[in-house]
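Enquirer: All residue numbers for the sequence shown refer to my numbering, where the first residue is 23 and numbers rise by one. All C-beta atoms, glycine included, are put in the ideal place defined by N, C-alpha and C.
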Amino acid sequence: MKNSEITKEALERARRWYQGAIRALEDQRWDDVVYSYEMAVEQSLKAILILYGIEYPKKHDISNIYLSLKNKNLPEFFSKNIDNHAKILNLLVKKRGPAAYGYVEGIDKTKFMKDAKNLKQDVENILNECEQLLKEFNKVNENDNKEY
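(1) Per DSSP, what kind of secondary structure is arginine 51 in: helix, strand or coil?
(2) Measure the C-alpha to C-alpha separation of proline 97 and arginine 38 and round it to an integer number of angstroms.
(3) Counting Cβ pairs closer than 8 Å, one from the region 96-110 and one from the region 118-130, do we hit at least three?
(4) Which same chain residues end up closer than 7 Å to aspartate 83 when comparing Cβ atoms and leaving out the 5 residues on each side of it in sequence?
(5) Reducing DSSP to helix, strand and coil, say where histidine 107 ends up.
(6) If you compare alpha carbons, which of Leu156, Asp144, Lys30, Ala62 is closest to glycine 42?
(7) Taking C-alpha atoms, which residue in Gly119, Phe100, Gln143 lies nearest to lysine 81?
(8) For leucine 156, does the three-state DSSP call read helix, strand or coil?
(9) Alpha carbons only, please: which of Cys152, Lys136, Asn147, Asn150 is nearest the one belonging to valine 55?
(10) Does the beta-carbon of threonine 132 have 16 or more other beta-carbons within 10 angstroms, so that it is buried, or is it exposed?
(11) In whole angstroms, give me the CA-to-CA distance for alanine 138 and aspartate 130.
(12) Let's see if you can read the secondary structure: which residues bound the alpha helix (DSSP H) around asparagine 86?
(13) Taking all protein chains shown into account, do 16 or more other C-beta atoms lie within 10 angstroms of the C-beta of glutamate 60, making it buried, or fewer, making it exposed?
(14) Could you check whether tyrosine 40 and leucine 149 sit closer than 8 Å to each other, using their CB atoms as the reference points?
(15) Can you tell me the Cβ-Cβ gap for isoleucine 104 and leucine 91, rounded? I've got them flagged as a contact below 8 Å.
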């Protein structure tokens, strides 16, 4: 399977995590929202690393490796947001554990309400930008493969 095909599958999985977050948001399951946001962003950013053949460790916070994309020749709409993508992932990774296991520490789910509401647009933007980058990548490669 080609990297672009794996990236497409990973972005579809990220979109499903996001859809789960939106359902959790509607149900006011704030901790589930934050957990699902983290998974959506993590999957999206890993998908882009796959697209460009960049290896990453099997851990949640790949923000430092993701920053290496700044060395690639990427469209401006995407490259200008790489730092922000990494920052959002790093923030969500820090909240992921408490969101998943807050009951152990006695953390009430309402502690995650502000993040659940405030990060929605950031997460959606990351997904949209990653999906757009894949489209641009495929368009460029499609044109490069045409015979003249």
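Expert: Quick answer:
(1) coil
(2) 26 Å
(3) no
(4) Leu111, Asn112, Val115
(5) helix
(6) Ala62
(7) Gly119
(8) helix
(9) Lys136
(10) exposed
(11) 14 Å
(12) 85-88
(13) buried
(14) yes
(15) 5 Å
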